[in-house]
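Chemist: Quick note: the sequence shown, position 32, residue 1485 per my numbering, numbers continuous.
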Amino acid sequence: MWAQIVEEKQSLDNIAKSLINMKRVSNKISSFKVLIDQIIDETLNNYKNRTKGSNAFSILSIILSQDPSGVGPNIIYEHRAFRNFVLRLFNEKTQKHGIDYVLLNLKGDFLDKDKLRKRCIEFYGVHKKSGNTHDNCDAVHVESDVNVDEFDGIYKKLIKQYLNVNMELDRLISETKIIAANIKQTPDNIQWDANITDRIPKLLAHISALWTLQNASSYFEAENDDNKNN
């Protein structure tokens, strides 16, 4: 019945209410969750294809994201039809975290946070010169040995591939370890050669993506709490 309302070209408010009702049943009756979620996926995909060329699906995303019960945001984060919308929200949230926030939460051996901050400023200076603007550092225009475009492409691909409510990051962790396997440096014995510099963009992208994704669970929890409290 609720899926039929979506198919019958009802108002966006009615469509959102129907999807929320379906998801509420899915959340409460575990034995039917898989089946109902499949119906929601099919309904969303059909509606998305039917409204292609208009802004109807984008407006539906906004309506669901503002549902005070929290069920609407739950639909957005769990169903792939809204993946681009989730990525856009996620990028807006994470870009608000500057280098000082990252360094404050960064832990590990042989960390020179002053040097890392300097390299970030250099990196984003080149990033802005290449036309990709970010506000994560107070960037200046200087040269860098990091291939910015390669890093940016790999990072965005990894985020898109792994970002999900129930993320499995074991494969990404393994890939990162493999890339880093032959790069061994200590503060008093740092050596740079072509083999190492060629690995930097890929390794940096994997580390950055892994850090971002490991903190993504907090983002999803905070977003749901915000919607419930509005």
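Heads up, the beta-carbon is just placed ideally off N, CA and C, and yes, glycines get one too.
Report the CB separation of Ile1607 from Lys1655 in whole angstroms; it is logged as a contact under 8 Å.
Modeler: One-based indexing of the sequence shown puts residue 1607 at position 154. One-based indexing of the sequence shown puts residue 1655 at position 202. Contact flag correct, Cβ pair sits at about 6 Å.
Chemist: Which same chain residues, not among the five before or five after Leu1622, have their C-beta less than 8 Å away from its C-beta?
Modeler: Translated into the one-based positions of the sequence shown, residue 1622 becomes position 169. Around Leu1622: Tyr1615, Leu1663, Leu1666, Gln1667.
Chemist: Go through its chain and collect everything with a Cβ distance to Phe1604's Cβ below 7 Å, but skip five positions before and after it.
Modeler: As a working note, residue 1604 is residue 151 in the sequence shown. Excluding sequence neighbours, Phe1604 sits near Pro1654, Leu1657, Ala1658.
Chemist: Going straight from the alpha carbon of Ser1471 to that of Leu1488, what length do you get?
Modeler: Position 18 of the sequence shown, counting from 1, holds the residue named residue 1471. Position 35 of the sequence shown, counting from 1, holds the residue named residue 1488. Rounded to the nearest angstrom, the two C-alpha atoms are 16 Å apart.
Chemist: In whole angstroms, what separates the C-alpha of Asp1494 from that of Val1539?
Modeler: For this step, residue 1494 is matched to residue 41 along the sequence shown. For this step, residue 1539 is matched to residue 86 along the sequence shown. Using only the alpha carbons, I get a separation of about 16 Å.
Chemist: Have a look at Thr1443 and Gly1525 and give me their C-alpha separation to the nearest angstrom.
Modeler: Because the chain in this structure spans residues 1454 to 1683, residue 1443 falls outside the shown range and cannot be described.
Chemist: Check this for me: beta carbons of Leu1542 and Ala1469, under 7 Å apart or not?
Modeler: Counted from its first residue, the sequence shown places residue 1542 at position 89. Counted from its first residue, the sequence shown places residue 1469 at position 16. The answer is no: Cβ separation not under 7 Å.
Chemist: Could you give the first and the last residue of the continuous alpha helix (DSSP H) run that contains Thr1496?
Modeler: As a working mapping, residue 1496 is identified with position 43 in the sequence shown. From DSSP, the alpha helix (DSSP H) with Thr1496 extends over 1486–1503.
Chemist: Give the range of the alpha helix (DSSP H) segment to which Asn1527 is assigned.
Modeler: Position 74 of the sequence shown, counted from the start, is the residue given in the question as residue 1527. Per DSSP, Asn1527 belongs to the alpha helix (DSSP H) from 1524–1531.
Chemist: How would you label Ala1647, buried or exposed, when you count the other beta carbons within 10 angstroms and need 16 or more for buried?
Modeler: Walking along the sequence shown from the start, residue 1647 turns up at place 194. Result: exposed.
Chemist: Determine, using beta carbons only, whether Ser1514 and Phe1485 come nearer to each other than 7 Å.
Modeler: As a first step, residue 1514 is located in the sequence shown; it is residue number 61 there, counting from the start. As a first step, residue 1485 is located in the sequence shown; it is residue number 32 there, counting from the start. No, the pair does not count as a contact, with Cβ atoms beyond the cut-off.
Chemist: With DSSP collapsed to three states, give me the class of Leu1622.
Modeler: Position 169 of the sequence shown, counting from 1, holds the residue named residue 1622. Leu1622: coil per DSSP, three-state reduction.
Chemist: What residue from Ile1632, Ile1660, Asn1527 has the CA that sits closest to Asp1651's CA?
Modeler: Indexing the sequence shown from 1 puts residue 1651 at position 198. Among Ile1632, Ile1660, Asn1527, the Cα nearest to that of Asp1651 belongs to Ile1632.
Chemist: What distance in whole Å lies between the Cβ atoms of Asn1527 and Lys1476, which are believed to be in contact at a cut-off of 8 Å?
Modeler: Counting from one through the sequence shown, the residue named residue 1476 turns up at place 23. Counting from one through the sequence shown, the residue named residue 1527 turns up at place 74. The pair is a contact, with the Cβ atoms about 6 Å apart (cut-off 8 Å).
Chemist: Rounded to the nearest angstrom, how far is the Cβ of Ser1479 from that of Asp1466, given a contact under 8 Å?
Modeler: Locating residue 1479 in the sequence shown gives position 26, where the first residue counts as 1. Locating residue 1466 in the sequence shown gives position 13, where the first residue counts as 1. Contact doesn't hold; Cβ gap of about 20 Å is too wide.
Chemist: Out of curiosity, what's the CA-to-CA distance linking Glu1628 and Ile1649?
Modeler: On the sequence shown, position 175 is the one that residue 1628 refers to. On the sequence shown, position 196 is the one that residue 1649 refers to. Going from the Cα of Glu1628 to the Cα of Ile1649 covers about 16 Å.
Chemist: Restricting to Cα atoms, I'd like to know which of Lys1571, Lys1610, Ser1661, Lys1501 is closest to His1532.
Modeler: To locate residue 1532, count along the sequence shown from 1; it is residue 79. Taking only the C-alpha atoms, the option nearest His1532 is Lys1501.
Chemist: Based on Cα-Cα distance, which residue from Asn1544, Ile1473, Ile1529 lies nearest to Ser1522?
Modeler: In the sequence shown, counting from the first residue as 1, residue 1522 sits at position 69. The option with the nearest alpha carbon to Ser1522 is Ile1473.
Chemist: Taking Ala1658 as part of the alpha helix (DSSP H), name the residues at either end of that continuous run.
Modeler: Within the sequence shown, residue 1658 is the residue found at index 205, counting from 1. Looking at the DSSP string, the run of the alpha helix (DSSP H) that includes Ala1658 is 1647–1667.
Chemist: Return helix, strand or coil for Gly1606, following the three-state DSSP convention.
Modeler: For the purposes of this step, residue 1606 is taken as residue 153 along the sequence shown, with counting starting at 1. Three-state DSSP puts Gly1606 in a helix.
Chemist: Can you look up Ser1627 in the DSSP assignment and give me helix, strand or coil?
Modeler: Start at 1 with the first residue of the sequence shown, and residue 1627 comes out as number 174. Here Ser1627 sits in helix by DSSP.
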